[in-house]
Structure formats: structure tokens, C-alpha cells
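Below is one structure, written out as C-alpha cells, with a few remarks after it.
Residue numbers (my numbering): 116 to 256.
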């Protein structure tokens with residue numbers, strides 16, 4: 116069942132790459148449609164890589180049940196989960212400082228207000244989400 120999902124993701128990725136590449140090469144596109152075509156190529160590449168990687172992992176573990184068991188143990192190990200959570204936490208903290216620097220740089224470069232507002236809105240949404248998740252976890256624990 117998992118293999119069908121990964122095959123579907125891989126095929127969808129290939130189709131998006133073909134669609135994007137074909138439309139860029141063979142049609143006179145407006146700027147917006149050209150951007151959409153390149154986004155299709157990028158998204159298709161990501162889906163293709165993810166699908167192929169997952170398929171390789173599935174097929175390699177089918178032949179070696181011992182490897183599959185050790186992978187399952189590693190993925191569910193509390194220590195590894197705690198390490199991954201701490202790494203994500205530190206990366207999020209670093210991201211907040213970097214975004215602040217980017218905002219300041221863009222303001223000094225006099226970037227158009229609409230672009231700044233989009234970035235600031237996304238920054239706000241991410242931080243509001245972090246507060247909501249933290250509150251939910253506090254209630255749960």
C-alpha cells in the first residue's frame with residue numbers, strides 16, 4: 116500500500132516536470148504563466164526525488180528485515196526524537212534572528228512595502244503558530 120503512494124508521488128513529479136518543461140519550451144507564455152511553469156518544474160523535481168527516495172528505502176528494507184527493524188527502532192528511539200526536537204528548536208530560534216536581519220536589510224534597501232508586508236505576515240503567522248502549539252503542549256503536559 117505504501118509503495119503505491121510513493122509510485123503515485125513519483126509519477127506526479129514526473130508529470131509536473133514534463134508539463135512545466137513542455138509549456139516553457141513550446142508556448143509563448145505571459146510572465147505569470149512562465150513562473151507557474153517553473154514552479155511546476157521545481158515542485159515536480161521535489162516530488163520525484165521524494166518518491167524515488169522513499170521507494171528505494173522501501174525496497175531496500177524488503178530484502179533485509181533486520182535493517183527494517185533497526186531503522187524502525189532508530190526512528191522511534193526517544194533519544195533520537197529528543198535530539199531532533201532540540202535541533203528544530205535551535206533552527207527556529209536562528210531563523211527568527213536571520214529574518215530580523217533580512218527585514219532590516221530590505222527596509223534599508225527600500226524594497227516595496229507590499230513585499231515587506233508579505234514577509235512580515237508570514238513571519239507573524241509562523242510565530243503565532245509557535246505560541247499556539249506551545250500553549251497546547253503546556254495544557255497537555
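Note that beta-carbon positions come from the ideal geometry of N, C-alpha and C, so glycine has one too. Keep in mind that this is a model prediction, so the values were computed, not measured.
Notebook entry, point to check: Is it true that the CB of residue 127 sits closer than 9 Å to the CB of residue 168?
Noted result: For the pair residue 168 and residue 127, the CB atoms are not nearer than the 9 Å cut-off.
Note to self: Using C-beta distances below 8 Å, list every residue in its chain close to residue 156, excluding the 5 sequence neighbours before and after it, in chain order.
What the structure shows: Within the same chain, Cβ atoms closer than 8 Å to the Cβ of residue 156 are found at 131, 132, 135, 136 and 139, the five residues on either side in sequence being excluded.
Item checked: Rounded straight-line distance, which links the Cα of residue 249 to that of residue 215 -> Approximately 22 Å, taken between the alpha carbons.
Margin query: Does residue 227 come out as helix, strand or coil in the three-state DSSP assignment?
Written below: Secondary structure of residue 227 (DSSP, three-state): coil.
Item checked: Pairwise C-alpha distance: residue 179 and residue 123 -> C-alpha separation (whole angstroms): 24 Å.
Next item on the list: Could you tell me whether the Cβ atoms of residue 218 and residue 235 are closer together than 9 Å?
Entry: Yes, the Cβ-Cβ distance between residue 218 and residue 235 is below 9 Å.
Item checked: Inter-residue CB distance, residue 154 and residue 125 (contact presumed, cutoff 8 Å) -> Actually they do not touch by this definition, with Cβ atoms about 19 Å apart.
Checklist line | 8 Å Cβ shell around residue 177 - same chain, five flanking residues per side excluded | finding: Hits under 8 Å: 183.
Note to self: Between the alpha carbons of residue 245 and residue 203, how many angstroms are there, rounded?
What the structure shows: Rounded to whole angstroms, residue 245 to residue 203 spans 12 Å at the Cα level.
Check: If you follow the alpha helix (DSSP H) that residue 147 is part of, which residue opens it and which one closes it?
Finding: From DSSP, the alpha helix (DSSP H) with residue 147 extends over 146-178.
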